[in-house]
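A short worksheet on the structure shown next.
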Amino acid sequence: MVAVELDNRKEQALSVQEVLTKYGDCILTRQGVHDPGSDRGIITLNVNATDAYLEEFSEELSRIPGVNVRTIKFG
């Protein structure tokens with residue numbers, strides 16, 4: 000699983016969407032929520048990828064200013 004936090008979703012949405020589209024072949028499910036009282040947003044992704052591919056994907060998202068990424072592995 001991957002959790003993506005956007006500090007300002009209106010400014011970062013396009014850049015984040017481009018990366019999500021690029022790596023879309025490994026995304027099984029996606030859920031996005033926003034805080035109605037702020038510009039912050041969170042996207043959770045259920046992914047099926049090798050460790051190397053997941054690291055590449057996460058690093059590319061992390062290079063977007065104001066975007067924080069955390070991965071969670073089970074098993």
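Heads up, the final residue of the sequence shown is numbered 74 in numbering that gives the first Met the number 0, and it's a clean run with no missing numbers.
Cβ coordinates follow ideal geometry from the N, Cα and C atoms, glycine included.
Taking the C-beta atoms as reference points, residue 34 is found no nearer than 7 Å to residue 9. For residue 25, same chain residues with a beta-carbon under 6 Å away, outside a window of 5 residues either side, are 46, 47 and 48 in chain order. Taking 8 Å as the upper bound for CB-CB distance, residue 40 and residue 31 are in contact here, some 6 Å apart. Rounded to the nearest angstrom, the Cβ distance from residue 5 to residue 15 is 6 Å, consistent with a contact under 8 Å.
For residue 20, the enclosing alpha helix (DSSP H) begins and ends at 8-21.
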